[in-house]
Every structure is written in C-alpha cells, then in structure tokens.
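What follows is a short report on a single structure.
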Amino acid sequence: MRQILILIFFMNMTTLFAGEKEMKITAQFDYYTTERIANILVYLPEKEKESTIDLIFNDSLLVRDFPLDPGRINYVPFSLQNLNIGKNKILSKLKRSNKTEEIEISVLRLPPRSNEVKIDKATGGMIVDGLPFIPFGFYCYSPVQPTLAEEEVVKGFNMISPYQQIEKKTLKERKKYMDRCAELGMKVNYNLCSVAGGGGAGSDRQKKSEPELEKLLRKEIETFKDHPALLSWYISDEPVGQGMPVEKLKKAYDLIKEMDPYHPVAVVFMTPKKSRTFAEAFDIAMADPYPIPSGNILDVGRTAYFLSNEYFMEKSSWIVPQAFGGGEWWKREPTKNELRMITYHAIINKAVGIQYFVRHGMNSFPKSTSAWAECGTMALEIAELTPYLLSNEPNPEIECSDSSLRVNAWQKGSKIVILALNTKNEPAEMEFSLKDMEFTGDAKLLFENRSIEMKKGKISEFIDAYGTRCYQIQIEPDASSLNKISPLNMTINPSFEDNATVGVPAGCYAKCRKDRGATFFIDSRIYFHGDHSLRLTTPTENEGVYLRFYQNHYKVGKSYTFSIWAKAKKSEFIPDKKRFFLVKLFRKFFKIREKNKKLCFSIRICGEEKIFELTDYWKEFSFTLKALNENKTSTTRIELLGKGTAWFDLMQIVSDLRISQKMKNGKISAEILTEHKNSEIRFTLDGTDPDENSTLYSKPVPINKTSILKASVFQNGEKSGLAEKHFNIHKAVGKKVKYQTKYKKYNAGGNYGLVNGLYGSLYHRDGNWQGFKEDDLSVIIDLGEMTEVNFIKTRFLEKTSSWIFLPESIEIAISKDDKNYEVVSAKKNEIPENYRDAFIQEFVVELKNKKTRFIRILGKNIKKCPDWHNGAGDKSWIFTDEIVVE
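With my numbering, letter number 305 in the sequence shown gets 505, and the count goes up by one each step, no holes.
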C-alpha cells in the first residue's frame, strides 16, 4: 500500500504550492522555562498597512501600541515575570485598517527540564540544550547495530530514529541504544508507532486492545521522557495510507503531551496535502517523497516548500530523503549528486530537519559508501549553517532569472549566507544578485576553501550538475571581539575560525583513545570569540580524544602564559548503560539526587601538564610556563577528562614579556611589552636577574654597548615572567647594507637584519636569520667613513633537515671607494657536506688595524641539495644572522 500511494503522490505534486500567507499570531516558543522575556509573533500580509498591537494579561497592560510591519514576522517582546506555571491566556488587541481585533494567545510556562526541546515557531527550528538545533540523521532498524551510532556521529550525524516494536522483551535493546546516543551527544526521534499511530518498517500497530496499547504507551513514555537522548516522539508513519482515524492519533498525542510536555511529536506523511486533517496530533510534519529513479526529482523541494508554507509560524517541517533503492518500485539508489540535490533543495525551501530513509551499516542501506559519505558531509555543512538557517532576522531577497536554479539567503548580524542549487543534471552558468544591496567585496565559499568577488551584489560563476554553492559575505565590519587576540599570540587559528575542511579544526593532530565515538567538531552555534568554538565530546570517562596543536618554539630564558576560554555542557544525568532503569527507580523511590561529577580538561605543553575544572559558563583558564633552560619546540595538547561535552575558544600562548629591537638613525633601542595589565616592568642591562629594586621601565631603553637585557613583570610585589635579549654592539651596527642578491621569506627584520646586533639560535624561524634560496649571499656594508677594523666575523647556520647548508666558500673583501676591492680572506668550507647535526659556524678574519669603509661578503651557495639528502636536487638555502665588525 505504501509504495502504490507514493506513486500517486508524485502525480499530484503540482497542486502543492501554497498561496499568499494569511495573518498569523502566536507565541514564539511552544513553551517557556528559564526565559525572562518572551515574544509574540505577528505576521501581516504584505498588502496590509502598518498596524499596532497591545498585549494584556489579567487586565494588566504588558505592551502598548507596538508597531507592526506587513510582509514579515514581527517580534513583540514582553516580560514573563507575572505569568504562571501552566497555560496563560494573553489578550492581544490588533489595530489595523481602522478596526481593532481581539485575539487570545496561549503562552505555556513550565519548570525547567535538563532535556527539554523547544520549537521556535518563527523558523520551525528546534532549541536543544539551549542552542539552535537542526536534526540531521536517519532511520535504522532494530535491534540497532551495536556500533552504528558511533560510526555515524563521527561523520556529523546528530540524530537517529530506529524502527521498533514496543515490547517488554526488547526493552533492554531500546535502553542500550538510547544510553549510547546520550553518551555520544546524539538525539533520538523515538518511535512509538507500534503502540500509537502505526506504520513504518517493523513498527506496525500491535494487534492489542486499546487499553493494552495505552498501557504500553504510558509505560514507554514514563521510561524515556527524562532521557537525555530524547529529541521527539514519533507516533505515526503515513496515517493517511493506513486509514488511521484522526481521533486515535489525537488521543495518543494528548496523552504524550499530558505526560511529557517537553518534547514535540512527529508524524510522517506521504500525502502532505492531507496532513492538515491531523494537525492537532503533531508538532513536526515530516514527508517522505522518494522520486529516484522514476519520479520527478524536484518533488522533494516542492514538498518542503509546501510544508514550510502550510505550517508557517505553527509547526516544524522535516523531509525524509530517499537513501535506498534497487527493489520494489525503486530500480536504483540515488547517486551522491542526487542525494546532495534533494537534500539541499529541501533546506533551501525551509525544511529544518533531515531524516534519511534508511541506514543499515556498513553498506547495506545505502549500498554506495560514497553516497552515504556525501550525506555525512552535508550533515557537517548544515551544522555549520545552523545559526543562519534558524536566524530570526529577515531574509535578504535574491533575484535569479534561471528557473533551474534555486537560490536563497539568510542573514545573521553583519554576515549573509547564500545557498545556490542547480536542479539540473548538467553544469550551468549561474548568475544571481542580492536585491537592493550594492555590496562589492569577497564572497567566501564556505565549503570550498576559496573566495569569489561579488560586484554590486551580483555573483556570476559556473555551478556543477546537481551542484551546490554556499557563499558568505560580510556586509559591514564585525563589531565582535576580534581585538581580543593578543598581538603577541603564538598559536595558529586561536579562535577556530580558519577551517579549510567543514567541521574540522585546522592546525592540529587528533588521537582517539578506546571510545571510537569521541568527537571533536567546530561549532558555529556557541562561542566566546569570533563565530566558532571547538566542541569536544567524551562518551566514556577518560577514553575520548586529545588534540595536539601545531608546535610553537619556546626560547631559553623566557616565560610564557597559556590561556583558553572554555565551558561545559550543563550537568545532566547520563545513565549507566547497564543499570539505567533500576538506578532511575531507586533514585526516584528514595529521592536521591544524582551527584554530577565535575568535568575537567588537561593542557600539556613542554612536558608540563595542568588540569582545570570546567564550569557551565564561559571562563578563562590560564597558567604560566616557567622559563626554560634551553630552546624547545613543543605542541600544545588538550584533552577533555571525565565524560561529557565542553566547548573551547580563544586559545593563546603569549610571551610574558617581549623585548623588541628598534633601529632609528643607526641607533638601537629596546622596547619591552607585556600582556599583564596593571603591572610594572623592571630590567637590568648587566645580565643579572631583575628584582623589585631594578630600573623601572617607562620608555624604550637606548643600547649603546654590548649588553644582556633582562626584564621581569611585577604585580602586587610578585615577580612573574622573564625575558632576555643579547645585544652585540659593534662598528657595523645600524650601517647601510647593499644587497647584490635579495633574501627570501626569512628576512631577520629587513635591510638591517645583518647589522642589528642580534644573533640567531638553532631554530631557523626565530626571526633573526636571513635566508637565501639557491642564491649566493652577496652584500656590501657601508661603514659611512674610513674606519679602523681589527676583525670581521660572519655566522652561518647548518640545518640539513630543513634544506639549510653552510656556504661552499666565504670571500671577504674591503674597499675605500666601493670600486677597487682587496680580498682579505677566501676560505673554503671544511665541514663535511653530509654533517647532519644542526649547528652554527663562525668564519673570522683578523685584519690588525686596517682602515676601510666598504666591506663585501660573498658566500657561495651549494645551489642544490646533494645526492645523499632527502631533497636531492631541490634548491638549498644559506642562512646568516649577523656580520660583526670590530
């Protein structure tokens, strides 16, 4: 019956389009708990004139003459302070077209519940754990495969819905998958069909008396209504095709709402046009058009369009895309491109939930692993887009003349996201524009790691067959907290904003421990800084995942401060998977409250580990790394300890003090900076450690002779942080240098890099080395006047692991006029070419009181890495740091 009716459904799709929206008024959320302010939503048709509204509760005026604009959703805020727990009747007086209409609005207040799920009627989207949520998951069969949930959560899926029979003998199976989903952070659209409205694979309504079915239904609701994995109750699959009486479905719905008003109820329709008959029996309207290969692929998007219009400001609408085929009336599965097309067609037409039919791992349904991988990719994409798709701001209008393209836009703050879809199975030239918006600038393609220019609000480029594009533009400067990143920060991607692959943090390695369901995702819904945070979920205590972030170089004698902002998911009872039911009864009977373990995380840097206890609000955690005895390169490792979910943001490592050299008119001074506010800096120039009696820093310190500058920070009498810098003052410091060959990306600060008094270390990226790739080192130093010179010293780095070799030979020549040069030294490098340890080699020439003005240095590059080297034949480098003249 199901398959035959689906074919009929395909033929009737042309009648699905809704007309102009009528006036609607409702509370924004289906219920309120912790909110202090609520909104009444009012929509007036575009043809109407501006109107106003009053809100009255118990004869008290809540809102007076609030202005309403036609053609969009108006948000009318009011305080919940005086409303009671339970149903409250708000009287609205809508003044429009010279008349006043009185409309009663129901506002439901409930005590808070840790697993509450709300529907935002402005978008149809869900609020789960206090955050916007778009369910993106799948049907599966019972018993649920033991590893199915963990296999799919790591791909980005956040919801499952197993077909099942509600029987006593299978209760343990249902508890097992529910508990595992709670551990993984997945949600469940819980199937009650067999004891409620029937339908679905293996979920037919049981042939029992109505009292027996009601008893089973009551017991199942009581068992799982407080479960942290519960998202919604799924009570009927295609009731029209079954001939299910509306009264029976309404009775089941009322019972569920009586026992559990915190979770919405879902029903699937294969004939959406007839769903209105059952409107009082569901909160989520689902539809399951399966057009591949014989139907019209556009039917999926058309169905989503119908549902979102039919239940505008009323219910949530989801689509069940086809992820199966090869039997019955479906000769094959959808291709991965077709799956992408039908999924995005639904999303662009305002579907706010995706539940594929059907998944049975690893490759039963669907058989194509590449097609299913595409679904996982889209799960991550939709997760990234969630704050836009569920934004309460008005949608920007798009103009596109090509009927085969579907384009829609959403705005959140200063950013706009545009989704474009090619509904044809052939590449197309695409052009569209933002109506009444003359924006010119970069449009970032969120999932392609590239940008394209938008000119005066218009984009033109090719789009693939059944292809999608997701553009993000920033229409005005972001007024968020970008200035919170320290200019001294050493970490890459500190705010988790730069992620070339959707959902995955850049700049780190991941190491999973025993629990294969542990996840690490970028979350666009919650953040302290920027637009993203890092979300870690550890399903099994201390068996999650740790991340090792890109290495930093720590210098000898310097101290560093690590800081990160973090928060944990609000505490909830994640049940013991073996004893959930008995433990729950025991706790309820003896009125024992669950003691939630505190969630902690650890940070490890340079062999030092710190453990911090998380809170359920954003908090900064920091510590100071003691000064090292040697230069060191180290990664930063972060791990969520215990069991639960936490978010991390703005991870920074800064030097407590930074001494920077300033060069002006050939004179050197030292500037000392610190990140510690309300502190003072004290310093010495003789190499001794500073104390509270040392010189107080107030302005850049002149350096007139060779010195070891050491500085420390003092706060409230406590000393913290240490930095030092060696200045080697000689006759060439600050003199003009003429380059015959130019340094590449390693510049040591520029043209004074070889005469700035600073030596490099064995770390070639320390900023004190100049690098010449394949080219020789060829420079001339102008001392400015005839000068007595006793010796000349050059320094070179050998680090063959980084393609850096000593010069083949060094030639030093002097001149009085920069025309006639006298070679005073020509030396071949005697260090064996295959000497592989990193070291610094000095070449010294003694001149014994010779007068000169110009000094020419020529270092011959070996040009190519030798045959024994891993990079044999590649271009080699010369690195030099300082030319000392005394």
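Don't be surprised by glycine CBs; every beta carbon is placed ideally from N, CA and C.
Quiz prompt | Which residues DSSP lists as bridging threonine 884, in chain order | solution = Residue mapping note: residue 884 aligns to position 684 of the sequence shown, counting from 1. DSSP, once it has assigned bridges, lists Lys910 as partnering threonine 884.
Self-check item: Exposure label - aspartate 891; buried when at least 16 CB within 10 Å
Solution: Working through the sequence shown from its first residue, we reach residue 891 at position 691. By the neighbour-count rule (16 or more Cβ atoms within 10 Å), aspartate 891 is not buried but exposed.
Quiz item: Comparing the C-beta of glutamine 672 with each C-beta of chain B, is any distance below 9 Å?
Solution: As a matter of chain content, chain B is missing from the structure shown, which is built from one protein chain.
Quiz prompt | Distance between beta carbons of aspartate 230 and leucine 308, contact taken as under 8 Å | solution = Working through the sequence shown from its first residue, we reach residue 308 at position 108. Working through the sequence shown from its first residue, we reach residue 230 at position 30. Confirmed, about 7 Å.
Quiz item: What does a CB cutoff of less than 6 Å around leucine 736 pick up in its chain, not counting 5 residues either side in sequence?
Solution: Reading the sequence shown from its first residue, position 536 is the one you call residue 736. Phe720, Leu840 and Ala846.
Self-check item: cysteine 600, DSSP secondary structure in three states
Solution: By 1-based counting over the sequence shown, the position of residue 600 is 400. If DSSP states are grouped into helix, strand and coil, cysteine 600 belongs with coil.
Quiz item: Should methionine 459 be labelled buried (16 or more other beta-carbon atoms within 10 Å of its own) or exposed?
Solution: Within the sequence shown, numbered from 1, the residue matching residue 459 stands at position 259. The residue in question, methionine 459, is exposed, as its Cβ has fewer than 16 Cβ neighbours within 10 Å.
Quiz prompt | Host alpha helix (DSSP H) of isoleucine 456 (start-end) | solution = Along the sequence shown, read from residue 1 onward, the residue named residue 456 stands at position 256. Note, isoleucine 456: alpha helix (DSSP H), 446 to 459.
Quiz item: What are the boundary residues of the beta strand (DSSP E) that includes lysine 1050?
Solution: Mapped onto the sequence shown, residue 1050 falls at position 850. First-last of the beta strand (DSSP E) with lysine 1050: 1039 to 1060.
Self-check item: Classification of histidine 926 by the beta-carbon crowding that lies within 10 angstroms, buried from 16 upward
Solution: Along the sequence shown, read from residue 1 onward, the residue named residue 926 stands at position 726. The residue in question, histidine 926, is exposed, as its Cβ has fewer than 16 Cβ neighbours within 10 Å.
Quiz item: How many Å lie between phenylalanine 278 and aspartate 731 at the Cα?
Solution: Locating residue 278 in the sequence shown gives position 78, where the first residue counts as 1. Locating residue 731 in the sequence shown gives position 531, where the first residue counts as 1. So the alpha carbons of these two residues sit roughly 29 Å apart.
Self-check item: Straight-line gap, isoleucine 618 to serine 633 (C-alpha atoms, nearest Å)
Solution: Along the sequence shown, read from residue 1 onward, the residue named residue 618 stands at position 418. Along the sequence shown, read from residue 1 onward, the residue named residue 633 stands at position 433. Those two C-alpha atoms are separated by around 10 Å.
Quiz item: On the three-pair Cβ rule with 8 Å, is the stretch 451 to 466 touching the stretch 379 to 386?
Solution: no
Quiz item: Would you report the Cα separation of glutamate 772 and aspartate 426, rounded to the nearest angstrom?
Solution: Residue mapping note: residue 772 aligns to position 572 of the sequence shown, counting from 1. Residue mapping note: residue 426 aligns to position 226 of the sequence shown, counting from 1. Here the model assigns glutamate 772 a pLDDT of 46, short of 50, so the residue's position is not dependable, and the following value carries that caveat. In a straight line, the C-alpha of glutamate 772 is about 10 Å away from that of aspartate 426.
Quiz item: So what does isoleucine 1012 bridge to, in DSSP terms?
Solution: As a working mapping, residue 1012 is identified with position 812 in the sequence shown. Note: isoleucine 1012 sits in a beta bridge opposite Ser1025 and Ile1057.
Self-check item: Where tryptophan 1068 falls, given that 16 or more other Cβ within 10 Å makes a residue buried
Solution: Counting from 1 along the sequence shown, the entry for residue 1068 is found at position 868. Tryptophan 1068 should be labelled exposed.
Practice problem: Counting only runs of 3+ residues fully inside the stretch 511 to 577, write out the beta strand (DSSP E) ranges in chain order. | Solution: 516 to 519 and 554 to 556
Exercise. Under 8 Å by Cβ, that's how I've got glycine 399 and glutamate 351 pegged, so tell me the actual separation to the nearest angstrom.
Key: Counting from one through the sequence shown, the residue named residue 399 turns up at place 199. Counting from one through the sequence shown, the residue named residue 351 turns up at place 151. The Cβ separation is near 27 Å, so there is no contact.
Quiz item: Using the rule of at least 16 other Cβ atoms within 10 Å of the residue's Cβ for burial, across every protein chain shown, is tyrosine 1035 buried or exposed?
Solution: As a first step, residue 1035 must be located in the sequence shown, where it is residue number 835. With fewer than 16 other Cβ atoms within 10 Å, it is exposed.
Quiz item: Considering only residues of the same chain and omitting the five flanking positions on each side of lysine 293, which have a CB-CB separation below 6 Å?
Solution: In the sequence shown, the residue the question calls residue 293 occupies position 93. Taken in chain order, the residues that qualify are Asp254, Thr300 and Glu302.
Practice problem: Assess, as a yes-or-no matter, whether the stretch 320 to 338 is touched by the stretch 505 to 520 under the definition of 3 or more beta carbon pairs within less than 8 Å. | Solution: Three or more pairs of CB atoms, one per stretch, sit closer than 8 Å, so the stretch 505 to 520 contacts the stretch 320 to 338.
Quiz item: Any idea if alanine 481 is buried or exposed, counting beta-carbon neighbours within 10 angstroms, 16 or more meaning buried?
Solution: Residue numbering aside, residue 481 sits at position 281 when the sequence shown is read from its first letter. Looking at its Cβ environment, which holds 16 or more other Cβ atoms inside 10 Å, alanine 481 is buried.
Practice problem: Would you check if the stretch 232 to 246 and the stretch 260 to 272 touch, i.e. whether three or more CB-CB distances between them fall below 8 Å? | Solution: yes
Self-check item: Reference leucine 431; option with closest CA among Ala401, Gln442, Arg418 and Leu392
Solution: One-based indexing of the sequence shown puts residue 431 at position 231. When only C-alpha atoms are compared, the closest one is Leu392.
Practice problem: Provide the residue(s) that pair with proline 890 in DSSP beta bridges, ordered along the chain. | Solution: Indexing the sequence shown from 1 puts residue 890 at position 690. In the DSSP assignment, proline 890 is bridged to no other residue.
Quiz prompt | Pairwise C-alpha distance: threonine 234 and glycine 330 | solution = Looking up residue 330 in the sequence shown gives position 130. Looking up residue 234 in the sequence shown gives position 34. Those two C-alpha atoms are separated by around 10 Å.
Quiz prompt | Rounded Cβ spacing between isoleucine 225 and isoleucine 305 (contact assumed at less than 8 Å) | solution = Sequence index remark: in the sequence shown, residue 225 carries index 25 (1-based). Sequence index remark: in the sequence shown, residue 305 carries index 105 (1-based). Between isoleucine 305 and isoleucine 225 the Cβ distance is about 6 Å, and since that is below 8 Å, they are a contact.
Quiz prompt | lysine 1075 in three-state terms, based on DSSP | solution = Here residue 1075 refers to the residue found at position 875 when the sequence shown is read from its first residue. Residue state, collapsed to three classes: strand.
Self-check item: Close beta carbons around tyrosine 709, own chain, < 6 Å, minus the five adjacent residues each side
Solution: As a first step, residue 709 is located in the sequence shown; it is residue number 509 there, counting from the start. Only Arg748 meet the Cβ criterion.
Quiz item: To which residues does DSSP link tryptophan 847 through a beta bridge?
Solution: As a position in the sequence shown, residue 847 is number 647, starting the count at 1. Answer is Arg735 and Lys767, bridged to tryptophan 847.
Quiz prompt | Same chain, Cβ closer than 8 Å to aspartate 1074, neighbours up to 5 away in sequence not counted | solution = Position 874 of the sequence shown, counted from the first residue, corresponds to residue 1074. Excluding sequence neighbours, aspartate 1074 sits near Trp1003, Lys1064 and Cys1065.
Practice problem: From the DSSP output, read off the bridge partner residues of tyrosine 363. | Solution: The residue you call residue 363 lines up with position 163 of the sequence shown. In DSSP, tyrosine 363 forms no bridge with anything.
Quiz item: What does DSSP give as the partner residues of asparagine 298 in its beta bridges?
Solution: As a working mapping, residue 298 is identified with position 98 in the sequence shown. Answer is none; asparagine 298 lacks a bridge partner.
Quiz item: Using the rule of at least 16 other Cβ atoms within 10 Å of the residue's Cβ for burial, across every protein chain shown, is isoleucine 208 buried or exposed?
Solution: Start at 1 with the first residue of the sequence shown, and residue 208 comes out as number 8. Note on isoleucine 208: pLDDT 30, under 50, position unreliable in the model; the coordinate value appears next. With fewer than 16 other Cβ atoms within 10 Å, it is exposed.
Self-check item: Cβ distance (whole Å) where methionine 722 is taken to contact leucine 734 below 8 Å
Solution: Residue mapping note: residue 722 aligns to position 522 of the sequence shown, counting from 1. Residue mapping note: residue 734 aligns to position 534 of the sequence shown, counting from 1. Position check: residue 722 holds isoleucine in this sequence, whereas methionine was assumed. About 6 Å separates the two Cβ atoms, so the contact holds.
Practice problem: Compare the Cα-Cα distances from aspartate 642 to each of Glu631, Glu648 and Lys655 and report the closest residue. | Solution: Stepping through the sequence shown from its first residue, residue 642 is reached at position 442. Of Glu631, Glu648 and Lys655, the residue nearest in Cα terms is Lys655.
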